[in-house]
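Structure record follows, encoded as structure tokens.
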Amino acid sequence: MTALTRLFSEGFRIFFLLAGLWGTLAMLIWGLWLTVHALGGMMDLPADLPPQWWHGHEMIFGFGSAAAAGFLLTAVPNWTGATSAGPRFLIAAAALWLAGRIGLWLWGIVPGPLAAVLALAFLPLLAARIWAMLRQSPKPANFIVLALVGLIWLAEARVMLDALGWPLGDAIAGLHGALAALIALIVIVGGRITPAFTRNALARKAMLAGSAPDLGKAGAPGLPVSFPQADRVAIGAAITAAVAITLGLPDTLIGAAELILGAAQLLRIARWRGWSVRSEPILVVLHGAMALVGVGALLQGLAAFGIGSEIGAMHVSAVGGIGTMVMGVMSRASLGHTGRPLVAPFPVALAYVLIPVAALLRWIAATGPLALYYPGTILAATLWAFAFVLFLLALAPALIGPRARP
Numbered sequence: 002m003t004a005l006t007r008l009f010s011e012g013f014r015i016f017f018l019l020a021g022l023w024g025t026l027a028m029l030i031w032g033l034w035l036t037v038h039a040l041g042g043m044m045d046l047p048a049d050l051p052p053q054w055w056h057g058h059e060m061i062f063g064f065g066s067a068a069a070a071g072f073l074l075t076a077v078p079n080w081t082g083a084t085s086a087g088p089r090f091l092i093a094a095a096a097l098w099l100a101g102r103i104g105l106w107l108w109g110i111v112p113g114p115l116a117a118v119l120a121l122a123f124l125p126l127l128a129a130r131i132w133a134m135l136r137q138s139p140k141p142a143n144f145i146v147l148a149l150v151g152l153i154w155l156a157e158a159r160v161m162l163d164a165l166g167w168p169l170g171d172a173i174a175g176l177h178g179a180l181a182a183l184i185a186l187i188v189i190v191g192g193r194i195t196p197a198f199t200r201n202a203l204a205r206k207a208m209l210a211g212s213a214p215d216l217g218k219a220g221a222p223g224l225p226v227s228f229p230q231a232d233r234v235a236i237g238a239a240i241t242a243a244v245a246i247t248l249g250l251p252d253t254l255i256g257a258a259e260l261i262l263g264a265a266q267l268l269r270i271a272r273w274r275g276w277s278v279r280s281e282p283i284l285v286v287l288h289g290a291m292a293l294v295g296v297g298a299l300l301q302g303l304a305a306f307g308i309g310s311e312i313g314a315m316h317v318s319a320v321g322g323i324g325t326m327v328m329g330v331m332s333r334a335s336l337g338h339t340g341r342p343l344v345a346p347f348p349v350a351l352a353y354v355l356i357p358v359a360a361l362l363r364w365i366a367a368t369g370p371l372a373l374y375y376p377g378t379i380l381a382a383t384l385w386a387f388a389f390v391l392f393l394l395a396l397a398p399a400l401i402g403p404r405a406r407p
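Under our numbering, the first residue of the sequence shown is numbered 2, with each subsequent residue one higher.
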């Protein structure tokens, strides 16, 4: 099997590679634009769009959708027992994703309606494939994930309609709503995998020590403790916030939903015993990401009521919550699904640290003195890009190469 054939053999391979590459390149372009403007120069992107819109769109719908596709095309078959997407689908989906990036980059050269159609075409294809897999083992909880993919598409449509100057468009509501929908996905999926992986790791340690707990017993000593009520509240609040932001509903509703999400999220992770796996970066990163989702939600809730910076709060969620979780999930899946030990290589463990630091710097840039805006934002962009370069250097060989031998 050639490297190219392997790349299109499983969804996580091609889409995690695309997410890593675009997460690096798109952020470097944004950092360069910021640097030129900080120095008093002028730099126009080829896209005939406000640069901030291009940056937000490509980090959410370019980087974010690629990462989500890689995860869902790998996880949903495990949830349902359905057949994984084959090479033909993956080639078509990757080509459509790439066409969306090119169309938006050349907006103004490519006619706007065509560029918008190309940008909007990827998520319906992904949703159709997920729907086909979920139908084979229908569970309401899993269909919520599919509904959130649809909400992300609706949010992107609002961005595109605004870019075209057509009715119902609202780029800010679309960008912020899609971000909130990605957070809702993390609240749901992260709420499944973080305690489960932690539970497995702690049980394995106990077994090696000769004192394995009863994994089937609720509240087994030393293991993560579930809190179904907090789970339901967090998921409901996250979805409410995403819908409200996308549809432009009142700030009071958005703020209340975000505050409830933040409180419920932090309550959930307090019971997952993250401190017990502090020696395993590949698990710590999941707990850290879920904590940053909670902190970001609290900050966004306060901002909706006029307390603090909305942009700063949003970037805690985007860079800290989403970026850290994406890095954690992509690295774990890349190792586990290629037969490698679930131990983060040093470059990846360093990346786990760099992304939260980038989130902190971006928050300081938005909330601190104006003189810190450009230095803080540029440094945050640089650290983000460097983190994904480290990911690519360490794990691209696993994504492209053969499975490790036992």
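The beta-carbon is built from N, C-alpha and C at its ideal position, and this holds for glycine as well.
Quick caveat, the model's predicted, so the values are computed rather than measured.
Within 10 angstroms of the beta-carbon of Ile270 lie 16 or more other beta-carbons, which makes it buried. Contiguous alpha helix (DSSP H) elements confined to the region 117-185 occur at 141-165, taking only those with 4 or more residues. Between the region 272-283 and the region 222-238, the count of Cβ pairs shorter than 8 angstroms is three or higher; the stretches touch. Cβ atoms of Glu259 and Ala298 come within 8 angstroms of each other, at about 5 angstroms. Residue environment analysis places Trp98 among the buried positions, since at least 16 neighbouring C-beta atoms fall within 10 angstroms of its C-beta. Taken atom to atom, the span from the alpha-carbon of Gly175 to that of Glu157 is near 6 angstroms.
For Pro357, the enclosing alpha helix (DSSP H) begins and ends at 347-368. Taking 7 angstroms as the cut-off, the Cβ atoms of Ala386 and Ser335 do not count as close.
Closest in C-alpha terms to Gly289, from the list Thr195, Tyr374, Ile255, Met331, comes Thr195. Comparing C-alpha distances from Arg406 to each of His338, Gly369, Leu361, Leu165 shows the shortest one belongs to His338. Nearest to Ile261 by C-alpha distance, out of Asp171, Ala381, Gly237, is Gly237.
Under the DSSP assignment, Gly321 falls outside any alpha helix (DSSP H); it carries neither an H nor an E label. Distance from Leu152 to Ile323 at the Cβ level is roughly 15 angstroms; contact not present, criterion being Cβ atoms closer than 8 angstroms. Under the three-state reduction of DSSP, Val37 is assigned to helix. Counting only residues of its own chain and dropping the five nearest sequence neighbours on each side, Leu287 has a CB closer than 6 angstroms to the CB of Thr195, Gly329. Contact between Leu180 and Ser318 holds, since their C-beta atoms are separated by about 7 angstroms, short of 8 angstroms. Under the DSSP assignment, Asp252 falls in the alpha helix (DSSP H) whose first and last residues are 252-271.
Nearest neighbour of Arg233 by Cα position, chosen from Gly192, Leu248, Gly249, Leu209, turns out to be Gly192. In this chain, the alpha helix (DSSP H) harbouring His288 covers 282-305. Annotation for Trp276: no alpha helix (DSSP H) segment contains it, and DSSP assigns it neither H nor E. Using a Cβ distance threshold of 7 angstroms, Gly321 and Ile246 do not count as a contacting pair. At least 7 angstroms separates the beta-carbon of Gly263 from that of Gly307.
The C-beta of Met2 has fewer than 16 other C-beta atoms within 10 Å across all chains shown, which makes the residue exposed. Contact between the region 81-97 and the region 123-139 is present: 3 or more CB-CB pairs across the two stretches fall below 8 angstroms.
For Leu267 and Ser280, the gap between their C-alpha atoms comes out near 21 angstroms. DSSP places Ile379 inside the alpha helix (DSSP H), whose first and last residues are 374-401.
One alpha carbon belongs to Leu186, the other to Gly313, and they sit about 21 angstroms apart. For the pair of segments examined, the region 106-120 was found to touch the region 31-49: the number of CB pairs separated by less than 8 angstroms reaches three. The alpha-carbon separation between Arg363 and Leu209 amounts to approximately 42 angstroms.
Annotation: the continuous alpha helix (DSSP H) that includes Glu311 extends over 311-316. Taking C-beta atoms as the reference points, Ala172 and Trp34 fail to come closer than 7 angstroms. Annotation: Phe62 is outside any alpha helix (DSSP H) and is labelled neither H nor E by DSSP. Here Leu18 has Leu400 as same chain residues with Cβ atoms under 6 angstroms from its own Cβ, once five neighbours each way along the sequence are excluded. Assignment of beta-bridge partners to Val111 by DSSP yields Trp108.
By the neighbour-count criterion, in which 16 or more other beta carbons inside 10 Å mark a residue as buried, Arg89 falls on the exposed side. Going by DSSP, Leu74 is part of the alpha helix (DSSP H) stretching over 66-81.
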